Amino acid sequence: MFVPSVRSGKVIHSATRRTLFCGLIITIFFVWAPVAPMSAQQRAPRIASITPSSLKAGSGATIITIKGSGFRSGASIRVRAKGAKGTGRDLTATSVTTNELQFHLPADLVSNPGTLELRVKNQGKVRSQWATLTVTK
179 MFVPSVRSGK VIHSATRRTL FCGLIITIFF VWAPVAPMSA QQRAPRIASI TPSSLKAGSG
239 ATIITIKGSG FRSGASIRVR AKGAKGTGRD LTATSVTTNE LQFHLPADLV SNPGTLELRV
299 KNQGKVRSQW ATLTVTK
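For the sequence shown, the positions run 179 to 315 when this note's numbering is used.
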């Protein structure tokens, strides 16, 4: 079967027409295909709780436990004074499971009263929300 082309006046063979149609369908599929959900490796970790939730100023170095979800091997914890954007110290987790991690909080970070903000970062820059830890007098 032959189909005349409107623009050129030339005849297009049906095999060529099928090829064009298939190309159009494939293009539509890739342009409007739904985006695949993020894999578990890409999902941001989530902090549910921090233990202890407060420390006494000058109490010395402490092991902190963070519970939540999405923690991965190689995770680090950013600790900063509340509201001190662009600053902080990255600490390495000493124990990590999917739902819990622990790290050593150095004494110099709890020497003065105030509020510390903590955020977990998995490898690949995937970060949790900020959570707080209070340092009391």
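Just so it is clear, CB atoms sit at the ideal spot from N, CA and C, and this is done for glycine as well. Since the model is a prediction, treat every value here as computed from it, not as a measurement.
Rounded to whole angstroms, how far is the Cβ of residue i from the Cβ of residue j, which I believe are closer than 8 Å?
| i | j | result |
| --- | --- | --- |
| I244 | E278 | 7 Å |
| N290 | A235 | 6 Å |
Quick one: residues in its chain with C-beta nearer than 7 Å to the C-beta of residue i, no 5 flanking neighbours on either side, listed in chain order?
| i | result |
| --- | --- |
| A259 | G292 and L294 |
Report all residues from its chain with a CB closer than 8 Å to the CB of residue i; omit the five preceding and five following residues, and keep chain order.
| i | result |
| --- | --- |
| R224 | G246, S247, G248, S306 and Q307 |
Does DSSP classify residue i as helix, strand or coil?
| i | result |
| --- | --- |
| A259 | strand |
Kindly list the residues whose CB is nearer than 6 Å to the CB of residue i, restricted to its own chain and excluding five residues on each side of it in sequence; keep chain order.
| i | result |
| --- | --- |
| T265 | R258 |
| Q280 | I241, T243, T272 and S273 |
For residue i, write down the residues that DSSP places opposite it in a beta bridge.
| i | result |
| --- | --- |
| A271 | F281 |
| A309 | L296 |
Given a threshold of 16 other Cβ atoms within 10 Å of its Cβ, counted over all protein chains shown, does residue i qualify as buried or as exposed?
| i | result |
| --- | --- |
| R297 | buried |
| R396 | The question about residue 396 has no answer here: the residues shown for the chain are numbered 179 through 315. |
| K315 | exposed |
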